[in-house]
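What follows is one structure encoded as structure tokens, with my remarks underneath.
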Amino acid sequence: MSFSAEWLALREPFDRQARHAGAIRRTVATLSGRPAVMIVDLASGTGSTLRALGSHLPMHQAWRLFDNDLSLLARVPPAANVHVQPLDLVTDLEAALDGPVDLVTTSALLDLVSADWLERLVTEVAARRLPLYASLSYDGRVEFAPVDPRDAAVIAAVNLHQRRDKGFGPALGPIAARTAAAHLEKVGYAVEMGDADWVIREADLVMQEALLAGWAVAASETGEMPAEAVAEWLLSRRAALMANRSRIRVGHVDLLAAPSDARRADRSQSNSTSSPSR
Ligand SMILES: C[S@@+](CC[C@H](N)C(=O)[O-])C[C@H]1O[C@@H](n2cnc3c(N)ncnc32)[C@H](O)[C@@H]1O
Numbered sequence: 083m084s085f086s087a088e089w090l091a092l093r094e095p096f097d098r099q100a101r102h103a104g105a106i107r108r109t110v111a112t113l114s115g116r117p118a119v120m121i122v123d124l125a126s127g128t129g130s131t132l133r134a135l136g137s138h139l140p141m142h143q144a145w146r147l148f149d150n151d152l153s154l155l156a157r158v159p160p161a162a163n164v165h166v167q168p169l170d171l172v173t174d175l176e177a178a179l180d181g182p183v184d185l186v187t188t189s190a191l192l193d194l195v196s197a198d199w200l201e202r203l204v205t206e207v208a209a210r211r212l213p214l215y216a217s218l219s220y221d222g223r224v225e226f227a228p229v230d231p232r233d234a235a236v237i238a239a240v241n242l243h244q245r246r247d248k249g250f251g252p253a254l255g256p257i258a259a260r261t262a263a264a265h266l267e268k269v270g271y272a273v274e275m276g277d278a279d280w281v282i283r284e285a286d287l288v289m290q291e292a293l294l295a296g297w298a299v300a301a302s303e304t305g306e307m308p309a310e311a312v313a314e315w316l317l318s319r320r321a322a323l324m325a326n327r328s329r330i331r332v333g334h335v336d337l338l339a340a341p342s343d344a345r346r347a348d349r350s351q352s353n354s355t356s357s358p359s360r
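According to my numbering, the stretch in the sequence shown is residues 83 to 360, in order.
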């Protein structure tokens, strides 16, 4: 599945605003005391996680950004401490984690992957006792204002569409973050999760247009709703948007998972961070 640079640029400010501050604080705390860190970002796109997290880390950082889309990697701003590498995470996940690594990050990836691939990620991360910051996993919650009676049916169809194969096998979609947390806890990780919802306001016309069109296509493709009902829903939602009355909240979850021994060390060094809400 490919993602356009335009779409990633459009969503990045909403992602940045949504990221759970507690999960970022915990990520920073997990690395505290180290003079320099090596961070591997999986499915980096154009480098959104580097831009969001990098400024919070006080120590020297080196980043390795992996993605299978060269046109996205080509848009990562060049820097001496940032190395970009084309790589297919389906075939070469293990290679991405090779060498000295202190933290694995990813954003907007887990909901695309299959149960098998997620287990593989957890196994590989746990074998190396690495902390994992996995942000912005879609969790299936979408709230509209004003409400349209067809909203629930459209989003139910969209959430079915999210389970389709996105290149990693049948996707986990909305259950990805919860599934990841369960696997990570099983291998002895302490997991903290927090809501990281997009809050999309009346004035965010381009973002709303893009989401509504994308959801209408996805809902139609599932065949769960008659095409006319989807078209009517889209007309009604766009009318609210044009009348400057439409707001949308899209549920995402951020997760920071650290090997329990690392968390104990982190707690003894810093007791000033608060826990994310879930
Ligand atoms: C939703 S985008 C998120 C990009 C970036 N992390 C962000 O938050 O802006 C998903 C990313 O996964 C990458 N991707 C999808 N399948 C992949 C694969 N098999 N191997 C490596 N990257 C992949 C896409 O190219 C895209 O950059």
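Ideal Cβ placement from N, Cα and C applies to all residues, glycine included.
Three-state secondary structure assigned by DSSP to residue i
{"i": "P117", "result": "coil"}
{"i": "P168", "result": "strand"}
{"i": "F85", "result": "coil"}
{"i": "P256", "result": "helix"}
{"i": "M324", "result": "helix"}
{"i": "H102", "result": "coil"}
{"i": "P341", "result": "strand"}
{"i": "L90", "result": "helix"}
{"i": "D97", "result": "helix"}
{"i": "Q143", "result": "strand"}
{"i": "R223", "result": "strand"}
{"i": "D233", "result": "helix"}
{"i": "D174", "result": "helix"}
C-beta contact flag for residue i and residue j at 7 Å
{"i": "S126", "j": "D230", "result": "no"}
{"i": "Y215", "j": "T109", "result": "yes"}
{"i": "A238", "j": "R245", "result": "no"}
{"i": "R223", "j": "V281", "result": "no"}
{"i": "M275", "j": "A263", "result": "yes"}
{"i": "S375", "j": "L218", "result": "Nothing about residue 375 can be read from this structure; the chain reaches only from 83 to 360."}
{"i": "D184", "j": "M141", "result": "no"}
{"i": "S302", "j": "V312", "result": "yes"}
{"i": "P341", "j": "R211", "result": "yes"}
{"i": "T128", "j": "R157", "result": "yes"}
{"i": "A100", "j": "D279", "result": "yes"}
{"i": "A178", "j": "L266", "result": "no"}
{"i": "V269", "j": "A208", "result": "yes"}
{"i": "A300", "j": "V240", "result": "yes"}
{"i": "E225", "j": "E176", "result": "no"}
{"i": "W199", "j": "F250", "result": "yes"}
{"i": "D97", "j": "T187", "result": "no"}
{"i": "P256", "j": "D221", "result": "yes"}
Residue i Cβ short of 6 Å to ligand 1 heavy atom set
{"i": "A125", "result": "yes"}
{"i": "F85", "result": "yes"}
{"i": "G249", "result": "yes"}
{"i": "A190", "result": "yes"}
{"i": "L293", "result": "no"}
{"i": "S196", "result": "no"}
{"i": "S153", "result": "no"}
{"i": "N163", "result": "no"}
{"i": "V172", "result": "yes"}
{"i": "L203", "result": "no"}
{"i": "D149", "result": "yes"}
{"i": "L185", "result": "no"}
For residue i, the residue or residues it bridges with in DSSP
{"i": "S196", "result": "A253"}
{"i": "T188", "result": "L124, A216"}
{"i": "W280", "result": "V332"}
{"i": "V273", "result": "A339"}
{"i": "A161", "result": "V164"}
{"i": "D247", "result": "P252"}
{"i": "D149", "result": "P168"}
Heavy atom of ligand 3 within 6 Å of residue i beta-carbon
{"i": "G255", "result": "Looking for ligand 3 in the displayed structure turns up nothing; the ligands present are ligand 1."}
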